[in-house]
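Enquirer: I'd like to ask some things about the structure below.
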Amino acid sequence: MSQTTASQVRAEDPVASIERALRRAAAEVLNLEAGSIDPHVRPAQNPQFGDFQANLAMPLAKQAGLKPRDLAQQLVDAAADDLAAVVEPPEVAGPGFINLRLKPDVLAAAVESIDNNRLGIEPDPQASPIAIDLCGVNVAKQMHVGHLRSTIIGDGLARVFERRGRTVLRQNHLGDWGLPIAMVLHQLRAAGVDLDRLELTDLDRAYRDAQLAGKADSKGLEAADRLHAGPHRVAELEAQNASAAEAMEAARMTLVKLQQGDPELVADWQKLIDCTMRAVEEMLELLNVHMTAEHNRGESFYRDRLADVVDAFVREGISEEDEGALVVRFDDRDRPLLIRKSDGGFLYATTDLAAVRYRTQELGASRVIYVVDARQRDHFRDVFDAARRIGWDVTPDGTPVELVHVPFGAVLGTDKRPLKTRSGENVTLMSLLNEAVERGTSEVKRRAADPEAPTHDMTADELDAIGRAVGIGAVKYADMSNDLVRDYVFDMDRMIAFEGNTGPYIQYAHARINSIFQRGGIDPAALADGPLMMTEPAEKQLALALLRYGATIEQVASTLEPHRLCSYLYELANTYSAFYQQCPVLKAEREDVRMSRLRLCDLTRRVIADGLDLLGIDAPPRM
RNA sequence: GUCCGUGUAGCUCAAUUGGAUAGAGCGUCGGCCUCCGAAGCCGAAGGUUGCAGGUUCGAGUCCUGCCACGGACGCCA
604 MSQTTASQVR
614 AEDPVASIER
624 ALRRAAAEVL
634 NLEAGSIDPH
644 VRPAQNPQFG
654 DFQANLAMPL
664 AKQAGLKPRD
674 LAQQLVDAAA
684 DDLAAVVEPP
694 EVAGPGFINL
704 RLKPDVLAAA
714 VESIDNNRLG
724 IEPDPQASPI
734 AIDLCGVNVA
744 KQMHVGHLRS
754 TIIGDGLARV
764 FERRGRTVLR
774 QNHLGDWGLP
784 IAMVLHQLRA
794 AGVDLDRLEL
804 TDLDRAYRDA
814 QLAGKADSKG
824 LEAADRLHAG
834 PHRVAELEAQ
844 NASAAEAMEA
854 ARMTLVKLQQ
864 GDPELVADWQ
874 KLIDCTMRAV
884 EEMLELLNVH
894 MTAEHNRGES
904 FYRDRLADVV
914 DAFVREGISE
924 EDEGALVVRF
934 DDRDRPLLIR
944 KSDGGFLYAT
954 TDLAAVRYRT
964 QELGASRVIY
974 VVDARQRDHF
984 RDVFDAARRI
994 GWDVTPDGTP
1004 VELVHVPFGA
1014 VLGTDKRPLK
1024 TRSGENVTLM
1034 SLLNEAVERG
1044 TSEVKRRAAD
1054 PEAPTHDMTA
1064 DELDAIGRAV
1074 GIGAVKYADM
1084 SNDLVRDYVF
1094 DMDRMIAFEG
1104 NTGPYIQYAH
1114 ARINSIFQRG
1124 GIDPAALADG
1134 PLMMTEPAEK
1144 QLALALLRYG
1154 ATIEQVASTL
1164 EPHRLCSYLY
1174 ELANTYSAFY
1184 QQCPVLKAER
1194 EDVRMSRLRL
1204 CDLTRRVIAD
1214 GLDLLGIDAP
1224 PRM
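So the mapping is simple: the numbering used here equals the position in the first sequence, first residue as 1, plus 603.
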């Protein structure tokens, strides 16, 4: 094995060099396979411990029955030659931590190597596409906060994969088929509504009316019986029941005709979808989400595949009949998965299985991600296990498929209960976003009113655009900046606040960097490639933070946790602020220092803008 | 009843997947603008990580049992 040369070190990430050296040393000392060793190299918890720490000695010592500290020292000795090119002499501390400090020229070279349009993000070598199930709006229903989460989290993850070079297939699994839609369709036709002039509010009203008309008050009837209610009340409820049954029957007829492909009904049904999608697309545009009607793969898309899906399960002997229904049973749980009703109809599990098959077998996706409400956890567990049993967890070319549900929690009001209006109705997404835009705009304008503010000379239109970016960014950031599975409280005051881990704070950091270039009359794109110098601690901390961007993105891609990107951006913005406080840029006393700092500023600016873009958040140059 | 989540500072949340003294923001208290955007920075106070055991060099993280809250549980989606 040859020793690592200086040019090799410059060509790659110093962490990779360190890992390789330690892996090789561990293989030598313990007589292990180098490939099987995880060197556990992490950024140091505390600057006093250096820049990085390697935590491999403790677990390996346990395995080999050695003292961790002794092993750590042996590893350091064995890796000394390889490490010498990259770090200062390592120190062994505590129970066996190996503390590492990068050599200044190596740090500079590392920053240099990410100063390009990749910013340290390594391409994902996998060629197969990733399918993401997101949004999932219901036709004829107003979008609400649940759709907001699915949509922006799904889009954020999609952007991360795309940034790493993967092909992403966004799948909007619309609720556009089945009895509820038939009920609305029947309701609209019975009321003689002109479907060519349909508005979303008409649809929404029809949906509610249809639900109401179809709701058989059987519970009320039982209660009346139990409480010995008078005959008058019972008769009233029975009448209500009868008319409800009638409405349901009419809706069922409509559904049957729709399913049989009745041309007139299908044409009308399409009008409902078009109307819904017009509103949805408007919302998606406001949200800066990369999705249009071409990504629609609603329930109706699978309607002709359902029978074959069920046949496949019957054919393979994976399903069994139970009380007339067809179910799939699992060894480790009591509940079965119903895939066909006793009347021969299909269920949502059938549609989901059809979607799994389509995505893996027809589209060839090797990773299928469902960004759906946490309440559907059990459902997806069952569906995925059923899909695995029948072999849809391998693409036709033999690539194993990862089926994964990304569950997210509920959006609560300040009363800690699911978000509702004062009158008890679901809060519509539109009203929520309107509030966000309004708040963002008023905050931006309030600050622009100050004659000293850099935005003071801007037009009302320009300020509106910034306010929109700030308001929408605040909502999206708040939604993605904590662990997805937890419920969170929708508190506009907190999310629009320009301090703490919020969207506006990150946007502010970006705008402030930008203003250095504006004030200095410097075009960042035309910066000379002068040497980078990290002599001040704040410069060094900023450089180290910048170097973590690539690994952060990789981590988000593997864990499917966007809040890690938010935390990273917050830390970077924080580290930059400390740098900004301590290190004059335009006013630096030496020209070479000024150039070096300008390059650090520019790189920070680009990383923040890139990170925000991956979250689908705009980074206004001024705000 | 069965299964699945969640529980960390007064409040809202982190914790690099088992690593060093559990970290941020808000709020409270105290510093820093004749100086590149103070929407900022620096510092202080604030903790039995729901409770009780266990595993080991080492536990917020893993195991067992409780407690609290939420959710899902056959022909809705």
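Note that CB positions come from ideal geometry on N, CA and C, so glycine has one too.
Between the Cα of Pro1224 and those of Met851, Phe1093 and Ala1068, spot the shortest distance and give me the residue it belongs to.
Expert: Ala1068
Enquirer: Among Val1004, Ser1026, Thr1031 and Ala1160, which residue has its Cα nearest to the Cα of Val1014?
Expert: Thr1031
Enquirer: I'd like to know whether the C-beta atoms of Arg627 and Ala637 end up nearer to each other than 7 Å.
Expert: yes
Enquirer: May I ask you to check if the CB of Met1098 is nearer than 6 Å to at least one heavy atom of the ligand ADP?
Expert: This structure lacks the ligand ADP, and indeed carries no ligand of any kind.
Enquirer: Please state the DSSP three-state secondary structure of Ser745.
Expert: Before going further, note that residue 745 is Gln rather than Ser in the sequence given. Coil at Gln745, not helix or strand.
Enquirer: Taking just the CA atoms, how far does Gly1214 sit from Arg721?
Expert: Put simply, the backbone Cα of Arg721 is about 12 Å away from that of Gly1214.
Enquirer: Can at least three beta-carbon pairs, one atom from the segment 866–885 and one from the segment 914–929, be found at a separation below 8 Å?
Expert: no
Enquirer: Leaving aside the five residues before and after Arg984 along the sequence, list all residues of the same chain whose C-beta is less than 8 Å from its C-beta, in chain order.
Expert: His1008
Enquirer: Using a Cβ-Cβ cut-off of 6 Å (strictly less than) and excluding sequence neighbours within five positions of Asp877, which residues of its own chain qualify?
Expert: none
Enquirer: Does the Cβ of Asp1086 have 16 or more other Cβ atoms within 10 Å, making it buried, or fewer, making it exposed?
Expert: By the neighbour-count rule (16 or more Cβ atoms within 10 Å), Asp1086 is not buried but exposed.
Enquirer: Could you tell me if His1059 is buried or exposed, where buried requires 16 or more neighbouring beta carbons within 10 angstroms of its beta carbon?
Expert: exposed
Enquirer: Where does the unbroken alpha helix (DSSP H) through Ala688 begin, and where does it stop?
Expert: Segment: none, Ala688 is in no alpha helix (DSSP H) and carries neither H nor E.
Enquirer: Going by other Cβ atoms of all chains shown within 10 Å of its Cβ, with 16 needed for buried, is Val1088 buried or exposed?
Expert: exposed
Enquirer: Using DSSP bridges, identify the partner residues of Gln656.
Expert: Arg645 and Asn702
Enquirer: Pull up the distance between the alpha-carbon of Cys1186 and that of Pro1165, whole angstroms please.
Expert: 31 Å
Enquirer: Using beta-carbon positions only, say whether Lys744 and Tyr810 come within less than 7 Å of one another.
Expert: yes
Enquirer: Using the rule of at least 16 other Cβ atoms within 10 Å of the residue's Cβ for burial, across every protein chain shown, is Gly1153 buried or exposed?
Expert: Taking a 10 Å sphere around the C-beta of Gly1153, we find 16 or more other C-beta atoms and assign the residue as buried.
Enquirer: Name the DSSP beta bridge partners of Gly778, please?
Expert: Asn741
Enquirer: Do you know offhand how far Phe652's Cα is from Pro693's?
Expert: Annotation: Phe652 to Pro693 spans about 10 Å, alpha carbon to alpha carbon.
Enquirer: Following the continuous beta strand (DSSP E) through Tyr973, name the residue where it begins and the one where it ends.
Expert: Arg970 to Asp976
Enquirer: For Thr1062, count neighbouring Cβ atoms within 10 angstroms of its own Cβ and tell me buried if that reaches 16, exposed if not.
Expert: exposed
Enquirer: Considering Cα atoms alone, identify which of Ala681, Asp935, Gly1074 and Asn1177 is closest to Asp1221.
Expert: Gly1074
Enquirer: Residues in the same chain with beta-carbon distance under 6 Å from His789, minus the five sequence neighbours each way, listed in chain order, please.
Expert: Cβ contact annotation for His789 (same chain, cutoff 6 Å, sequence separation greater than five): Ala853, Ala854 and Thr857, in chain order.
Enquirer: Could you tell me the distance, in whole angstroms, from the CA atom of Leu830 to the CA atom of Ser1034?
Expert: Confidence at Leu830 is low in this model, with a pLDDT of 49, below 50, so the placement of that residue should be treated as unreliable; the coordinate-derived value is given next. Between Leu830 and Ser1034, the C-alpha separation is close to 42 Å.
Enquirer: Near Tyr961, which residues of its chain fall below 6 Å by C-beta distance, leaving aside the five closest residues on each side in sequence?
Expert: none
Enquirer: Quick one: what's got a C-beta closer than 6 Å to Ala1181's C-beta in the same chain, skipping five residues either side?
Expert: Ala1141
Enquirer: Is the Cβ-Cβ distance between Ala1039 and Phe1011 less than 7 Å?
Expert: no
Enquirer: Check each candidate in His747, Ala1212 and Ala958 and name the one with the smallest Cα separation from Asn1037.
Expert: His747
Enquirer: Between which two residues does the alpha helix (DSSP H) carrying Ala1212 extend?
Expert: Glu1194 to Leu1217
Enquirer: To which residues of the same chain is Asp807 closer than 6 Å at the C-beta, ignoring the five residues directly before and after it?
Expert: Gln745
Enquirer: Locate the beta strand (DSSP E) running through Ser945, then write down its first and last residues.
Expert: Here Ser945 belongs to no beta strand (DSSP E), and DSSP marks it neither H nor E.
Enquirer: Since Arg769 contacts Ile733 with CB under 8 Å, what's their CB separation in whole angstroms?
Expert: 5 Å
Enquirer: What does a CB cutoff of less than 6 Å around Gly1016 pick up in its chain, not counting 5 residues either side in sequence?
Expert: Closer than 6 Å at the Cβ level, and outside the excluded window around Gly1016, lie Leu1022.
Enquirer: What residue from Leu633, Ala683 and Ala688 has the CA that sits closest to Lys665's CA?
Expert: Leu633
Enquirer: Just the C-alpha distance for Asp1126 and Ala1114, rounded to the nearest angstrom, thanks.
Expert: 15 Å
Enquirer: Give me the Cα-Cα distance between Trp995 and Val913, rounded to the nearest whole angstrom.
Expert: When rounded, the distance between both Cα atoms is 14 Å.
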